[in-house]
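Numbering (the UniProt record's numbering), first residue to last: 1 to 1077.
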């Protein structure tokens, strides 16, 4: 029977650390097979009877000697003498009478020392009367005897028998006699020192009792309580907590030291898993900290709670503390006056609620009362050792003791089978049956209790059949950040594992570490072949044909083998085929690149396929092919990272989830089965911004645009042919978009979607047709391969990248667009001589040097022209249409874009603080936005940087090509939420139908290079001009509030009066009035 310690989905941990290095039956004497379990020898019984009769009259040294002699007699007769010879009964009677208690207590001590552990079930019940005797007011001899007997019993107690003893000690601490309290605390400390891990599982019950005793009025009780508290805390195995035990004890004694202790704890980087014992030590301090006056202390309580609870392996560990801790943190999140402190409390509250939800969702680890365990014991003995007399009084005492002991082990989830065998069951059965029978009984009892108490899901996750490929424990980091800490990766042959977790948790880093052989304890390549499947072509091989490319990467296979395998994957030696094996590899679509990568992996005899976002850039047809391929591989294991929930549901057999405590957790079943067990993971199916929210900046007003439905960009009969090709990629494309547009561009791979969008955004110029844009509109474009925006900035931070992009007052990336580059003909037009008629009627030949500015006319714009070899005083204003006729259309467009960009950038300065806020609005924390280089970011984080950069100029139209690539479900939900609230138009290219159908009522269907418009155009609505007005107050970077001075709005009548007054002042030669202006 496997231990549940390795089962990662149990609610409470099953401790593996409790198993000593050597457990054996060296000191255990089993009944031999030829013995019949006969009663105590009559001669021995007679000797014991005589000793008991004489015992009552002993005192002092004679009592000590008589007690030791009785112990030797019982040892010789065997443990049955305790009941059959009336030893237990007689000693109890003697102790009840204080005049005979002294020798009886020494007799208990003598039996404990002589008989040892075998006497445990019979002597432990004496703890209660012993604790009563230590407070005897009449006889100091009785107190001394009791003080000697108590530690002797604790010394023989089994480390697992916490439940058998603790109740009596707790009752003693609750007594009013200070001596009873003191000795109960001392014995509790002794038990803790002896038991360690089993004792730690009950710390949540111990800590309130011993910490309260530290405030007793009697100094001896206080000292004993401090000793017990120290020994109890030292049973905690958490290395992060142990250094703070003295400080915690001092805080309990002196509450004024709580703030300093909280400071120390909040400054600690917790890396070890946090369990119930660790929480038992810290939560009482946190609860006291919640009542501190200073906000800083309360904030630290929230920091500690958040940090520790994120490292809880099993949510059930925290359930004993949630009823008091969760409401306290919730109160802090609303009552603290500091907004930043409230946000810290809100973060901690969210963590606690997640733990509560997980604990409620998982099947709880059940407990068994002693009477229930006793029934299991009796059934196992009856089945495995027929004829055993269960009504034997001596045997009955042992059985009831074992039942209570095992009940305590079940409460602590101590399910290591070796402990049950060598400590929990067999030693107590040894006097009554042979070793083989005792072991058979133990095995049956363990199996029954394990089945009844351990959650079914926990056993199923771990007991999966199949060949093990990998079962290793390791840690993983990136730079100074710990991604995984002492976690386990367990993979079986032929299974398909979906790796799930939020952006930046380290999914791709794990894949690359496995591929590069950097995961500690992972089988080496000569034992286990792993292949990282990527559909990006290596740059230095992009000019090879398909066969040569594969030959280069898989040199150990013959060319004929490679061609044969390529044929199986659909690659043909046919010029009409979209995957001609003799064609250049760079011409393949995304779907064929994925097939080629998988073909290469199979040729390399891969045991494990590592697939990072395999559905990116694939249309529905190719995704279906990939699903069929992966599910058909019964000898190859797949490790898959994807944010396509449907793909995960249809393909994977297990989910490997990144938990908040930096651990990997293995869940059997597909994504929907995982969500049933972890309800908060429902975000994998929803586009919800409940967990994360993005905020897009609102676009400004456009001249002449009074409603959101009015077109601000139009394409008319546009055709585009790529250089070197005879056939156009797209043709006769006619479309338009407005501020209210929500458009999904759909179609198969290679249909021309990205080409149309590049013309739409100005990335490329149509070969035929026209593209019209409003002069002041701004477009944000996020390309299909979003990372190309960042390729030249990998060693900059995201903040530095955005500042570089816009520092010149223009969008430097936009200036690199093909449509903005000057052709030779356009450059020649700039140098043409133009005949210009001056104001005085004369005609002059001039060459335009530059455009300086523009101004609005009634229907269009005029542009200020600087003439070559003329001073600025001779500048002229020329209408837009005239300049376009003169060949300056592209420079007019560039000036329009500069003015539009300037209007977009005017709302905020290009400073580190404001750029950091922009990145924060896109879900990128300051740590990554300002303090981490782009090279070290995850795919999802890079996409957020690209979107934030594109949105910096407050665009009117947002165009995203495959925006769902690399974003996790929470980020997709946040992106969807931001799009819904955004005041500008949105155009999306995506194969993710769930995403586009939730957002876009209008569809542009692209097939065979042609576009067809379907669906409903978004409802028109009037633009609220006041919504774009400046606020009454703004805050500068230092937090100072500045009142904004606004222009006064005048009625038409007042405006006419003002103009008349201005004209009169000018006619009189008076200066203008600044207030009137």
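The beta carbon of each residue, even a glycine, is placed where N, CA and C say it ideally should be.
- Under the three-state reduction of DSSP output, residue 637 falls in the strand class.
- A distance of 8 Å or more separates the beta carbons of residue 846 and residue 830.
- The three-state secondary structure of residue 263, taken from DSSP, is helix.
- Contact check for residue 322 and residue 356: beta-carbon distance about 5 Å, within the 8 Å limit, so the pair qualifies.
- Between residue 916 and residue 799, the beta carbon gap of about 6 Å places them in contact (Cβ cut-off 8 Å).
- Where residue 769 is concerned, the enclosing beta strand (DSSP E) starts and stops at 768 to 773.
- Taking every protein chain shown into account, the CB of residue 935 has fewer than 16 other CB atoms within 10 angstroms, so this residue is exposed.
- Residue environment for residue 112: buried (at least 16 other C-beta atoms within 10 angstroms of its C-beta).
- Pairing residue 584 with residue 880, the inter-Cα distance amounts to about 46 Å.
- A contact between stretches requires three or more CB pairs, one per stretch, nearer than 8 Å, and the segment 831 to 845 fails this requirement with the segment 976 to 985.
- For residue 736, the enclosing beta strand (DSSP E) has its first and last residue at 730 to 738.
- Inter-residue distance for residue 487 and residue 942 is about 27 Å (C-alpha atoms, whole angstroms).
- The three-state secondary structure of residue 55, taken from DSSP, is helix.
- By the neighbour-count criterion, in which a residue is buried when 16 or more other Cβ atoms sit within 10 angstroms of its Cβ, residue 200 is buried.
- Rounded to whole angstroms, residue 256 and residue 204 show a C-alpha spacing of 24 Å.
- Under the three-state reduction of DSSP output, residue 219 falls in the helix class.
- Residue 474 has 487 as its beta-bridge partners, per DSSP.
- In the same chain as residue 996, and ignoring 5 residues on each side of it, the C-beta atoms closer than 6 Å to its own belong to 744, 988 and 990, in chain order.
- The C-beta distance from residue 496 to residue 652 rounds to 5 Å, short enough to fall under 8 Å.
- Looking at the DSSP output, residue 951 shares a beta bridge with no other residue.
- Residue 142: member of the alpha helix (DSSP H) spanning 140 to 156, first to last residue.
- Residue 711 carries a strand assignment under DSSP once its states are collapsed to helix, strand and coil.
- Exposure of residue 734 is indicated by the presence of fewer than 16 other C-beta atoms within 10 angstroms of its C-beta.
- Residue 876 has 865 as its beta-bridge partners, per DSSP.
- In the three-state scheme derived from DSSP, where H, G and I count as helix and E and B as strand, residue 705 is classed as coil.
- Boundaries of the beta strand (DSSP E) around residue 610: 608 to 612.
- Assignment of residue 888 by DSSP, reduced to helix, strand and coil, places it in the coil class.
- The shortest CA-to-CA distance from residue 266 to any of 299, 281 and 280 is the one to 299.
- The beta-carbon separation of residue 491 and residue 608, rounded to 7 Å, stays under the 8 Å limit for a contact.
- Membership of residue 834 in the beta strand (DSSP E) is indicated by the continuous run 834 to 837.
- Residue pairing by DSSP puts residue 851 in a beta bridge opposite 865.
- Of 145, 235 and 160, the smallest CA-CA separation from residue 189 is found for 235.
- Rounded to the nearest angstrom, the Cβ distance from residue 508 to residue 612 is 5 Å, consistent with a contact under 8 Å.
- Per the coordinates, the alpha-carbon of residue 154 lies some 36 Å from the alpha-carbon of residue 304.
- Non-local C-beta neighbours of residue 747 in its own chain, meaning closer than 7 Å and more than five positions away in sequence, comprise 753, 1005, 1006 and 1007, ordered along the chain.
- Contact between the segment 768 to 783 and the segment 708 to 720 is present: three or more C-beta pairs spanning the two stretches fall below 8 Å.
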